[in-house]
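Single-structure report; data block below.
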Amino acid sequence: MQERVRQLLASQKVDTGAVIPLLQKVQETFGYLPQEAIGQVARLLKMSESEIFGVATFYAQFRFTRPGDHTIKVCLGTACHVRGGSQIMETIERELDVKAGGTTKDFKFGLERVACFGSCALAPVLVVDDKVYGRLSSGKTKEIIAQHQ
Amino acid sequence: MSNVNLTINGGKVSVSGNATVLEAAQAAGIYIPTLCHHQGLAPHGGCRLCLVEVEGMRRLTTACTTPVAEGMAVKTDTPQIQQLRRNILELVLSEHPHACFTCDRKERCGPLDICLRNVGVSERCVTCPKNRRCELQEVVNYIGMPEMTVPYTFRGLSVEKDGVFFDRDYNLCILCGRCVRVCQEVRGAGAVAFTYRGSQALIGTAFGQPLYDVGCQFCGACVDACPTGALVERSAKWMGTPDRQVTTTCPYCGVGCQLDVQVKHEHIINVIPNKDSPVNKGQACVKGKFGLDFVHDGDRLTSPLIKKNGSFVEASWDEALDLVVRSFSKYKGGQFAAIASAKCTNEDNYVLQKFVRAVMETNNIDHCARL
Amino acid sequence: MQTKAFDDIRAHAEKEWEALEHSQKPRILVGTATCGLAAGAEAVLKAIEAELAQRGIEAILMQVGCIGLCYSEPMVDIVGPGQARVCYGGVTPEMVTRLIEEHVVNGRPCSDLALGTVGKGSADGIRPLFESPVLKPQVRIVLRRCGLIDPENIRHYIATGGYRGLAKALKMSADEVIAEVKRSGLRGRGGAGFPTGQKWEFCRKSAGKQKYIICNADEGDPGAFMNRSLLEGDPHSVLEGMLIGACAIGASEGYIYCRAEYPLALKRLRIAMAQMEEYGLLGNDVLGSGFGFHLKIKEGAGAFVCGEETALMASIEGKRGMPRSRPPFPAVSGLWGKPTNINNVETWANTAAIMENGADWYASYGSKGNSGTKTFSLVGKVERTGLIEVPLGITLAQIINDIGGGMLGGKAFKAVQTGGPSGGCLGSDFLNSPVDYETLAKAGSIVGSGGMIVLDEDTCVVDLARYFLTFVQNESCGKCVPCRVGTRQMLGILERITRGEGRAEDIDQLQTLAETVRDGSLCALGGTAPNPVLTTLRYFRSEYEAHILEKRCPARGCQKLVSCYILPDKCEGCGICLKACPVEAIAGGKRMVHVIDQVKCTRCGACIDICPPRFSAIKKVSGEEIEVPPEPIPVTPKKKAAKTEPAE
Ligand SMILES: Cc1cc2nc3c(=O)[nH]c(=O)nc-3n(C[C@H](O)[C@H](O)[C@H](O)COP(=O)(O)O)c2cc1C
Ligand code: SF4
Ligand code: SF4
Ligand code: FES
Ligand code: FES
């Protein structure tokens, strides 16, 4: 891990304000921000580890635990909320026995809540990995999960 | 920067053009309640208690962040401002224990008395080492205790006891960020930071690691900056208020930091770096802040010792100095050399060097810091 | 400036566009913006490719942005050689064979599937799309190219008038450009509606050599997607606006701060910027004018507050996105302490149009003091959801009824929420009010960046206020006390009320807290966060009272305050709800009237969704009880049932 982070960071451009792009790169590669990586980013940027952790925890995008193989993001934006987004979330929580923000025991699925993908006209919306599904119902949601099982 | 003229509550004030409204008010002796403001730190604008009215501005603005301007008219205590402050203070207190503000016995209780209010030990006023130097108390005294209509929630966090010098109890934290700012801006350590956000925001370290793993120097600057009892010196924790305070110079090195030493029952219970000293401006290192307890050590030398027949024997100062004089007078010039200590003050070192050159007639004087 | 260089580029681009317009090959355009993709455009695209390959047809297949009719996505446009362009909506892979067979091969547009024709020419039995009720009241300035050009091809942009505004601006002095923008009356489209020309002037006059401009593409309002559509459909219009602004302000560097949730917009921006470099529109010497400009993209990392100017700049600097007090204003001390000008995506795109067509042209749209158009994402409970662009001053009724086609499923209108979490909830009294900055502000809401969410009788406004407070207390940066603690306390009260545990004093306390947060907060997030609560308290007070005093949710939206019953005279005992219930709260059997166990039931509504509409046997009520049998009983034969099953 240590070595992989080092190699990754060595290949990145480091300029002022590089913290967030670097963390994004680490997360893109590992799926989350391992503790070692925060330490190495800190050393690279000559900042303190706590400061970087403070930045990382500010932004909803960053996670600190291993994600599932598939990430399901359920939109709970306003348009999705008024069209039943929370029912979709509840359906998935029940189907996969996992809470929003968590990962199934077999690490197959991670479930996240997101505030708007900008597909509000097709609310309610969810995204599995990078694929967007709109105009959902509980039934359709179950089908989508089954497809990825 | 040239001076500008403004009025505060109708009175004329003239201050430097780069002052803030808060500084102008302080110069004019007008009190504005503050919590997140701290001398020597960049303005933060988080606690919102210093809100004032500036003529021509659409909203109330914070005195601590607003620069003065020529002709500005400021009001600091209209009923509207006071009400808003009280409402904001109520929100602060919904996250901070407040038995210490409401109990009528607060002046009379000792640290070990049983609390008649049945408040948990960690939330009790007399056991809070910041009792009577807590800025929250000062602010409540001025604004008045708000009627608590919103529920108080105890965060239920465990007290962080990393290291031996101070404890961090974030149940008492009001997130003013003074500790974070002093650690980053002044000390350059960045051991603590704001973490998470919104109602989850909290002061903490990377992954909640103990301070000694995240670059903490244990200088205690955060403890001194903290307006509440969240960060407290362990030595002072159960000691109550000190009997007296003595301002002195730190004995550890030649910098000459001024320290306010707090004494109770003739024991040093706490050390606070002196804020007005031009040398250290309220700062100290771990030794000055937390290392003065050697004063009370049983093994400490309190009188000179003279070696007689292979072992040290206590002697009086006269005896000791006589011995030195006798021994020194045997030598002159190149036969003699002296090494000064970084632990001595500048003045001590000066005198020693003068002595070596003028009395011992040699330039063989050196200093342990000149490596 | 070497105008010749640009003229050459333009001539070349126009030739390519002409050739495309008059191509002898059929053209097929598929809308593949995010909304199109979400509705299944990818499958349609694949089907078209397969069909074309199978038949050996040579056609030009293009991917375009969104024209805003999201309700009829996926959309496909077909242009036969020399024919009008026909737009089809709601296309499925199954429909592709017929479209290709009839329209592409036989040259006969399928009028029954068509939404309308676009542009010049006509087709039998198909009316022009822009004459349809949904598009007729709209005025397309910002969105004029969306869905019509290939957003990944800069030559399409240039051929349709692109970069002409910039070419003009480069020939004018900075003061003239600013004067032109001022005269247009353009106001910031990101929220507060501050006059754009004036903002530029402040920054221009600010001392300092290094200045920055920023495009705010954070679009944090959950439920709004105007900026996304524009960036996906016509990225160059935004970039051209930025170049014009940079040149007027004297900025040599710019940033686009775009939220990471918009991967396609980011991709199209990157492509657009690479093309600009290729054409000499970015770099040390833009179009040979001596003006140098460099642009960088910064991806947001998921924080609503980073839409706030000072937080956004902190975020670009790599810090926590915590706002700071003003003064100093960004125009004086912004990014890295240098003078900085921030505008919204739509504001930038507008300036390009203004420079191309002139301030007077722009000011001829909209109303006095509110000139021009505004895009809105019209979503929620309307028939036709989508992205719209309307002149300011249009009424809410026109938007909802004419453009939106009225309420979804014919339900009653209740309210419209504009401005997202910072805005307010306005009821039917405001339907005939004009949509402009002042009117909405006076009503306690804001125009905001353009989110417009329509609510019907089934949406509980107390629950909506609770929803927004959940959002802001999560998204608050946590720096200042009123916002960090106040919104949490407000949420606590609202949660209590929607659970049916409200207390009589709650309304007053909400009001006080809301005012404290509004007046005491550092930034506009806190300053506007109470708006949803304040407006619903003002216009829908009786709903709060029903929740608190009668423990009843009039809209039947609060799960804890409703119950679901199966009506014995309607249930046909089909058993479908029994299977759908996730918590096994329904008892029944074949041809038995099903019964819901009120203790087990979580009011998730799965049974209501699944009960066949011809039965509609399940009813949700609040504050009342319906007499139902305690246990399943046999279905009593009904008249209708008797007709279909005469044997019994
Ligand atoms: C909490 C908060 C969120 C905001 N989000 C956005 C946003 O997503 N997009 C945007 O353009 N402006 C947003 N704004 C407004 C910006 O701060 C700023 O006013 C705007 O970008 C200025 O551009 P304009 O003058 O072109 O409107 C937000 C403001 C606040 C307080
Ligand atoms: S620990 Fe003390 S100084 Fe630090 S934020 Fe909390 S109250 Fe302020
Ligand atoms: S109002 Fe909210 S978002 Fe703005 S500074 Fe205060 S805590 Fe942060
Ligand atoms: S609200 Fe769900 S996609 Fe916008
Ligand atoms: S002292 Fe000014 S906001 Fe805290």
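Residue numbers (the working numbering), protein chains in the order written: chain L, 1 to 149; chain U, 1001 to 1371; chain Y, 2001 to 2648. Beta carbons: idealized from backbone N, C-alpha and C, even for Gly.
Ends of the beta strand (DSSP E) at residue i?
{"i": "V1279/U", "result": "From DSSP, V1279/U is part of no beta strand (DSSP E); its letter is neither H nor E."}
{"i": "R1085/U", "result": "Segment 1079-1093 is the alpha helix (DSSP H) holding R1085/U; no beta strand (DSSP E) there."}
{"i": "L1305/U", "result": "1305-1308"}
{"i": "M2452/Y", "result": "2451-2456"}
{"i": "H1367/U", "result": "1365-1367"}
Select from the options the residue whose C-alpha is nearest the C-alpha of residue i.
{"i": "T1066/U", "options": "L1093/U, R1108/U, H1037/U, I1272/U", "result": "H1037/U"}
{"i": "T1153/U", "options": "F1101/U, E1090/U, T1205/U, I1114/U", "result": "E1090/U"}
{"i": "P1097/U", "options": "E1233/U, E1123/U, K1130/U, G1110/U", "result": "E1123/U"}
{"i": "E112/L", "options": "C120/L, I92/L, V74/L", "result": "V74/L"}
{"i": "P2323/Y", "options": "V2593/Y, T2528/Y, C2070/Y, C2523/Y", "result": "C2523/Y"}
{"i": "E49/L", "options": "F1207/U, V1126/U, K1130/U", "result": "F1207/U"}
{"i": "A2039/Y", "options": "D2008/Y, L2312/Y, G2089/Y", "result": "G2089/Y"}
{"i": "G139/L", "options": "F2615/Y, A2617/Y, R2614/Y, C2577/Y", "result": "C2577/Y"}
{"i": "E2278/Y", "options": "K2171/Y, C2611/Y, R2155/Y, Q2598/Y", "result": "R2155/Y"}
{"i": "S2023/Y", "options": "Q2063/Y, Y2071/Y, D2008/Y, Q2083/Y", "result": "Q2083/Y"}
{"i": "P2026/Y", "options": "A2005/Y, E2073/Y, T2034/Y, V2079/Y", "result": "V2079/Y"}
Which residues in chain Y have a C-beta closer than 9 angstroms to the C-beta of residue i? List them in chain order.
{"i": "G1188/U", "result": "Going along chain Y, no residue has its Cβ under 9 angstroms from G1188/U, so there is no contact; the nearest lies around 16 angstroms."}
Measuring from the CB of residue i, is there a heavy atom of ligand 5 at a distance below 7 angstroms?
{"i": "G2486/Y", "result": "no"}
{"i": "L1049/U", "result": "yes"}
Closest Cβ-Cβ distance between residue i and chain Y: below 8 angstroms?
{"i": "D69/L", "result": "no"}
{"i": "G1046/U", "result": "yes"}
{"i": "G1194/U", "result": "The sequence shown places Phe at residue 1194/U, rather than the Gly named in the question. It does: the Cβ of F1194/U has a partner Cβ on chain Y nearer than 8 angstroms."}
{"i": "V132/L", "result": "yes"}
{"i": "L1091/U", "result": "yes"}
Give me the chain L residues within the contact set of residue i, using Cβ-Cβ distance strictly less than 7 angstroms, ordered along the chain.
{"i": "L2561/Y", "result": "Neighbours of L2561/Y on chain L: none; closest Cβ ~15 angstroms, over 7 angstroms."}
{"i": "S2422/Y", "result": "What S2422/Y touches in chain L: nothing, since even the nearest Cβ is about 12 angstroms away."}
Whose Cβ in chain L lies nearer than 8 angstroms to the Cβ of residue i?
{"i": "V1223/U", "result": "Those do not exist, as V1223/U stays about 17 angstroms from chain L at its closest Cβ, beyond 8 angstroms."}
{"i": "C1184/U", "result": "A small fix is needed here, since residue 1184/U is Gln in this sequence, not Cys. Residues of chain L passing the Cβ test: S48, E51."}
Tell me, please, whether the CB atom of residue i is closer than 8 angstroms to any CB atom in chain L?
{"i": "C2425/Y", "result": "no"}
{"i": "G1215/U", "result": "yes"}
{"i": "P2263/Y", "result": "yes"}
{"i": "Y2386/Y", "result": "A small correction: the amino acid at residue 2386/Y is Gly; Tyr does not occupy that position in the sequence shown. By this cut-off, G2386/Y is an interface position."}
Would a check of beta-carbon distances place residue i closer than 8 angstroms to chain U?
{"i": "I38/L", "result": "yes"}
{"i": "T2516/Y", "result": "yes"}
{"i": "K2479/Y", "result": "yes"}
{"i": "G2233/Y", "result": "no"}
{"i": "Q35/L", "result": "yes"}
Could you tell me which chain Y residues have their CB closer than 8 angstroms to the CB of residue i, listed as they occur along the chain?
{"i": "S1094/U", "result": "V2485, Q2489"}
Can you tell me whether residue i sits near ligand 2, meaning its C-beta is under 7 angstroms from at least one heavy atom of the ligand?
{"i": "I1203/U", "result": "yes"}
{"i": "C1222/U", "result": "yes"}
Can you determine whether any heavy atom of ligand 1 sits closer than 7 angstroms to the C-beta of residue i, and answer yes or no?
{"i": "N2343/Y", "result": "yes"}
{"i": "G2190/Y", "result": "yes"}
{"i": "S2449/Y", "result": "yes"}
{"i": "G2065/Y", "result": "no"}
{"i": "C2523/Y", "result": "yes"}
Quick one: which chain L residues come within Cβ less than 9 angstroms of residue i?
{"i": "R1197/U", "result": "T57, F58, Y59, A60"}
{"i": "I2316/Y", "result": "G17, I20"}
Could you check if residue i belongs to the surroundings of ligand 4, using beta carbon to heavy atom distance under 7 angstroms?
{"i": "A79/L", "result": "yes"}
{"i": "G2500/Y", "result": "no"}
Locate the alpha helix (DSSP H) running through residue i, then write down its first and last residues.
{"i": "G2520/Y", "result": "2506-2520"}
{"i": "N2474/Y", "result": "2461-2475"}
{"i": "M2226/Y", "result": "2226-2233"}
Residue i touches chain U at which residues, Cβ-Cβ below 7 angstroms?
{"i": "G31/L", "result": "Under the 7 angstroms cutoff, chain U gives no residues; its nearest Cβ is about 17 angstroms from G31/L."}
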